Amino acid sequence: MPTTAPLSKPIKLPERLCAVLLLSSVLSGCSLAPAYQTPALPVPGSWTHTPVAASAPTAQTAVEPLSDEETQLLAGLDASAQLPYRVEQALAYNRDLRLAILRVEQARAEYGMSRAARLPTVGLGLQRNRQHLHDEAADERYG
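Residue numbers (mature numbering (1 follows the signal peptide of the UniProt record, and there is no 0)): -33 to -1, 1 to 110.
As structure tokens, then:
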């Protein structure tokens, strides 16, 4: 039976080259960056009770305060009576609600413009043309 030669020759690397490759691959996994420190949050450390009216975002997008009936209902649900205040704060700082209010105001303004476009308009114009001629007699006659 004939013996066949291997299809490829084995690659022989010198020991020194193997050591350098192994060391470089190990060192490439090391991170030399400093340890990450989380930045301080711009949030107060404790809950402070501030009135909603004093801290409401803007008058244009402010939400109406709770009615007396709503306040009584919420106060009955919560023994500490903080629920009405927190609901008012949630409504005042609700971004989606403020965007919805702004969209309603925008739609009202666009509706007002479209209604105004249907009304008749009155315009007044005044124009005067005067022609100056080189001849003084013609200027008096035609000018």
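The beta carbon of each residue, even a glycine, is placed where N, CA and C say it ideally should be. Keep in mind it's a predicted model, so treat the numbers as computed, not measured.
query: Proximity to L33 [Cα-Cα], best of L50, R62, S81 and E55; result: E55
query: Same chain, Cβ closer than 8 Å to residue 124, five either side skipped, listed in chain order; result: The requested residue 124 is not part of the displayed model; the chain covers only -33 to 110.
query: Y52 burial status per 10 Å Cβ neighbour count (16 or more: buried); result: buried
query: Whole alpha helix (DSSP H) elements within the stretch 52 to 109, 4-residue minimum; result: 62 to 85 and 103 to 109
query: Any non-hydrogen atom of the ligand ATP within 7 Å of P(-20) CB; result: The ligand ATP is absent from the structure shown, which contains no ligand whatsoever.
query: Whole-angstrom C-beta distance between L58 and L66, which should lie under 8 Å; result: Between L58 and L66 the Cβ distance is about 13 Å, and since that is not below 8 Å, they are no contact.
query: Where L44 falls: helix, strand or coil (DSSP); result: helix
query: Simplified DSSP assignment, three categories, for V(-8); result: helix
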